[in-house]
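Report on one structure; see the data block that follows.
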Amino acid sequence: MKKILTFTISLLLLQNVIAQDLVGKWNINSLIDNNNPPEEYILNPTKPDEHGIEFGLILILKSDGTFHSYRIPGCGQDRFPPSTSGKYTIIDENYISFFLEKRNEEQETLINEYLGKLYYSKKDDGFRFLKSSGNIERDKQIAYFRDLLYEKNSEINKYEDNALNWKFTEIKDEKEAVAFYMSENQIQNFEILYSRRAEGYNRNIILIKIDSDFRYVIFENGFYGQGRNRIALYDDSTIKEIDKLVAKIDNDRNLKTKTIKNNNEPKQNLNNNSDITLTLYQKKKKLHKAVYDQYTSYSNINGNVNNITIYYQDEEPIYIEYLIRHISNQQEPESIIGFYILDFKNQKIITKPIKNYRKTTYPSGLLNKAMDEIKKQIK
Numbered sequence: 002m003k004k005i006l007t008f009t010i011s012l013l014l015l016q017n018v019i020a021q022d023l024v025g026k027w028n029i030n031s032l033i034d035n036n037n038p039p040e041e042y043i044l045n046p047t048k049p050d051e052h053g054i055e056f057g058l059i060l061i062l063k064s065d066g067t068f069h070s071y072r073i074p075g076c077g078q079d080r081f082p083p084s085t086s087g088k089y090t091i092i093d094e095n096y097i098s099f100f101l102e103k104r105n106e107e108q109e110t111l112i113n114e115y116l117g118k119l120y121y122s123k124k125d126d127g128f129r130f131l132k133s134s135g136n137i138e139r140d141k142q143i144a145y146f147r148d149l150l151y152e153k154n155s156e157i158n159k160y161e162d163n164a165l166n167w168k169f170t171e172i173k174d175e176k177e178a179v180a181f182y183m184s185e186n187q188i189q190n191f192e193i194l195y196s197r198r199a200e201g202y203n204r205n206i207i208l209i210k211i212d213s214d215f216r217y218v219i220f221e222n223g224f225y226g227q228g229r230n231r232i233a234l235y236d237d238s239t240i241k242e243i244d245k246l247v248a249k250i251d252n253d254r255n256l257k258t259k260t261i262k263n264n265n266e267p268k269q270n271l272n273n274n275s276d277i278t279l280t281l282y283q284k285k286k287k288l289h290k291a292v293y294d295q296y297t298s299y300s301n302i303n304g305n306v307n308n309i310t311i312y313y314q315d316e317e318p319i320y321i322e323y324l325i326r327h328i329s330n331q332q333e334p335e336s337i338i339g340f341y342i343l344d345f346k347n348q349k350i351i352t353k354p355i356k357n358y359r360k361t362t363y364p365s366g367l368l369n370k371a372m373d374e375i376k377k378q379i380k
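Count along the sequence shown from 1, add 1, and you get the number used in this note's numbering.
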C-alpha cells in the first residue's frame, strides 16, 4: 500500500512539473482546431519583434485547464482574425488532449468536439504535439522520426540545390516515386519509414532505411508549378568526409607555414592598388592548405577583400571557402561561401552559403589565379 501511495504521489508530482512547463503563452504553427489540423503542432516561446510587439499564431494554455489560440494580424490585415478556445487536459507525462468549444472569426461558432489525444515531447525550449496512434511505442518512434526529418531538412536548407541529384518523373504517388528512384540508382534493399512535409518548400522529406543506414529522399510533386515532379536522394556522406578532413587539417599543429607577400600587382590606374598575401600550410613538402588573400584599395577608406582558402587531399582541392568583404566608411559587410569539391576538373561541387550570403558563383577566375601562384611557390 505504501509503495502504491509513493508511486501515485511521484506521478502527480511529475505531472505537476510537466503542467508548469506547458502552461503559458506560446507561438504555434496552427490554431488548435478541427478544421484541417496539421500533422504536428509546434510550440516555441513567444518572441516579440524589435519593438516588443507579438505577432503570428499564439496559444495560451491557462492554469485553470482552458486554452485560447488566436492570430495576431499584421498591420492592416484581418478585421476579424480567427481564434479558437476550449479546455485541455494533461493526461500524463506523454499525452495531452483538447476539447474545442468554439471558434471565432466574423462570428462565434459553437463546436463542442473532443480532438483526441496528442503525444507531446519537449524539443529544445518548446514542445511538439503529434496525434496519437494509440500505441505509446509507435508514438515515440514517430516523434523520433519526425525530429530526424526536421533536423535533416534544416541541414539540407543550408546548401544550394546542387546538393541534390534530381531526377524528373511523371509519377505522382510518393511511394511509387521512391521505388522509381531506387530502381534508377540500382538500390534494392530499402524500406520507407516515415514522411513529412518540409517547412518552406512544396516538398516532402522521406526517411528510408538502406541496409542498416538512415537515408533521406526529397520529393516535390508539381515542381515550381510546372506540373513536373522531381525526386532526389540526399547523400551527405561525402560532405561529412570532407568536413572531417578539413577539421583534421585545421587542427594539425605539425603543419609548417610559409607566407609570401606581393604588392607589385599590375596597376590599371593609380587609384587601384592590390596587395596579395599567400600562406601555404605544408608537411613533408606536401601541401594541405593554402590561403590566398587579395586586398584591393580604391581610396583611403574604400576597398575589397577577396580571400580563398583551399584544402587539399593528395594534392587535389577538396574544399574551398570564399570570403568577400567590402570596406567602406568603417563598415565591413562580408559574405562567406563554402564549396565542397566532388570533381575538381569538371567543377562538380556542392555550395554552402555560410554568412550573409549573396548570390555568388563558383570563383573559378580568382581560384585559377591563386592556384597559379601556389604552383610557382611550391616548385
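C-beta atoms are modelled at their ideal positions from N, C-alpha and C, and glycine is treated no differently.
> Closest to residue 347 by CA distance: which of 188, 317, 130 and 374 is it?
Replying inline: Here the closest residue by C-alpha is 317.
> Leaving out five residues before and five after residue 270 in sequence, what residues of the same chain have Cβ atoms less than 6 Å from its Cβ?
Replying inline: Bear in mind that a pLDDT of 47 at residue 270, under 50, signals an unreliable position, so the model cannot answer this.
> So, helix, strand or coil for residue 348, using DSSP?
Replying inline: Here DSSP, grouped into helix, strand and coil, assigns residue 348 to coil.
> Quick one: complete beta strand (DSSP E) runs, 3+ long, within the segment 120 to 186?
Replying inline: Segments of the beta strand (DSSP E) lying fully in the segment 120 to 186: 127 to 132 and 168 to 170.
> Straight-line CA distance for residue 299 to residue 361?
Replying inline: Rounded to the nearest angstrom, the two C-alpha atoms are 22 Å apart.
> Is DSSP giving residue 324 helix, strand or coil here?
Replying inline: Residue state, collapsed to three classes: strand.
> Mind checking residue 36: buried by the 16 CB within 10 Å criterion, or exposed?
Replying inline: Residue 36 comes out exposed.
> Nearest to residue 152 by alpha carbon, out of 258, 190, 200 and 248?
Replying inline: When only C-alpha atoms are compared, the closest one is 200.
> Does DSSP put residue 311 in a helix, a strand or coil?
Replying inline: It is a strand residue.
>> Applying the 10 Å Cβ sphere with the 16-neighbour rule, what's the burial state of residue 248?
In response: In the assembly as shown, residue 248 is an exposed residue. Its beta-carbon has fewer than 16 other beta-carbons within 10 Å.
>> Let me check one thing: in DSSP terms, what residues is residue 341 bridge-paired to?
In response: For residue 341, which the question treats as bridged, DSSP gives the partners 320 and 351.
>> Just to confirm my understanding: we take residue 314, look at its own chain, exclude 5 residues before and 5 after, and list those with CB closer than 7 Å. What are they?
In response: Excluding positions up to five away in sequence, the list reads 246.
> Closest by CA to residue 54, which one among 63, 295, 73 and 40?
Replying inline: For residue 54, the nearest C-alpha among the options comes from 73.
> Are the segment 204 to 214 and the segment 279 to 286 touching by the rule of at least three beta carbon pairs closer than 8 Å?
Replying inline: Output reads no: the segment 279 to 286 does not touch the segment 204 to 214.
>> I need the boundaries of the beta strand (DSSP E) containing residue 102, first residue and last residue.
In response: Residue 102 -> beta strand (DSSP E) spans 96 to 105.
> Should residue 216 be labelled buried (16 or more other beta-carbon atoms within 10 Å of its own) or exposed?
Replying inline: Buried: at least 16 other Cβ atoms inside 10 Å.
> Helix, strand or coil: how does DSSP classify residue 247 here?
Replying inline: Reduced to three states, the DSSP call for residue 247 is helix.
> Since residue 194 is in the alpha helix (DSSP H), which residue starts that stretch and which ends it?
Replying inline: It is not in any alpha helix (DSSP H) - residue 194 instead sits in the beta strand (DSSP E) that spans 191 to 198.
>> If contacts are defined as beta-carbon pairs under 8 Å, then residue 350 and residue 342 qualify, I think. What distance do you get, rounded to the angstrom?
In response: Sure, about 6 Å apart at Cβ, within 8 Å.
> Looking at the unbroken beta strand (DSSP E) that takes in residue 295, where does it start and where does it end?
Replying inline: Here the beta strand (DSSP E) through residue 295 covers 287 to 298.
>> Short of 7 Å in beta carbon distance, which residues of its chain neighbour residue 6, apart from the five on each side in sequence? Order them along the chain.
In response: Model confidence at residue 6 stands at a pLDDT of 48, short of 50, so the residue's coordinates are unreliable and nothing is read from them.
> Based on the DSSP secondary-structure assignment, which residues constitute the bridge partners of residue 283?
Replying inline: Per DSSP, 257 and 288.
> Can you list, in chain order, the residues of its chain whose CB lies under 8 Å from that of residue 161, leaving out five sequence neighbours each side?
Replying inline: The answer, listed in chain order, is 351, 352, 353 and 354.
> Does DSSP put residue 55 in a helix, a strand or coil?
Replying inline: In the structure shown, residue 55 sits in coil (DSSP, three-state: anything other than H, G, I, E or B).
>> Only counting the same chain, and skipping five residues up and downstream in sequence, which positions put a Cβ closer than 6 Å to that of residue 195?
In response: In the same chain as residue 195, and ignoring 5 residues on each side of it, the C-beta atoms closer than 6 Å to its own belong to 146 and 208, in chain order.
>> Using DSSP's beta-bridge definition, name the partner residues of residue 60.
In response: DSSP lists 27 and 70 as partners of residue 60.
> Since residue 320 contacts residue 243 with CB under 8 Å, what's their CB separation in whole angstroms?
Replying inline: Right, their Cβ atoms sit about 5 Å apart.
>> Between 118, 100, 32 and 90, which has its C-alpha nearest residue 82's C-alpha?
In response: Out of 118, 100, 32 and 90, 32 has the C-alpha closest to the C-alpha of residue 82.
>> Need the endpoints of the alpha helix (DSSP H) that residue 375 sits in, please.
In response: Element bounds for residue 375: 365 to 379.
> Would you say residue 119 and residue 98 are within 8 Å of each other, going by their C-beta atoms?
Replying inline: Yes; because the gap between Cβ atoms is below 8 Å, this pair is in contact.
> Which value, in whole angstroms, describes the spacing of the CA atoms of residue 278 and residue 344?
Replying inline: Take the alpha-carbon of residue 278 and the one of residue 344: they are about 27 Å apart.
>> What does the Cβ neighbour count give for residue 115, buried or exposed, with the cut at 16 atoms within 10 Å?
In response: Exposed is the call here.
> For residue 238, does the three-state DSSP call read helix, strand or coil?
Replying inline: DSSP places residue 238 in the helix class (H, G or I) of the three-state scheme.
> Cβ atoms of residue 44 and residue 128: under 8 Å apart, would you say?
Replying inline: Yes. Within cutoff.
> Who pairs with residue 262 in a beta bridge, going by DSSP?
Replying inline: DSSP output for residue 262 lists 278 as bridge partner(s).
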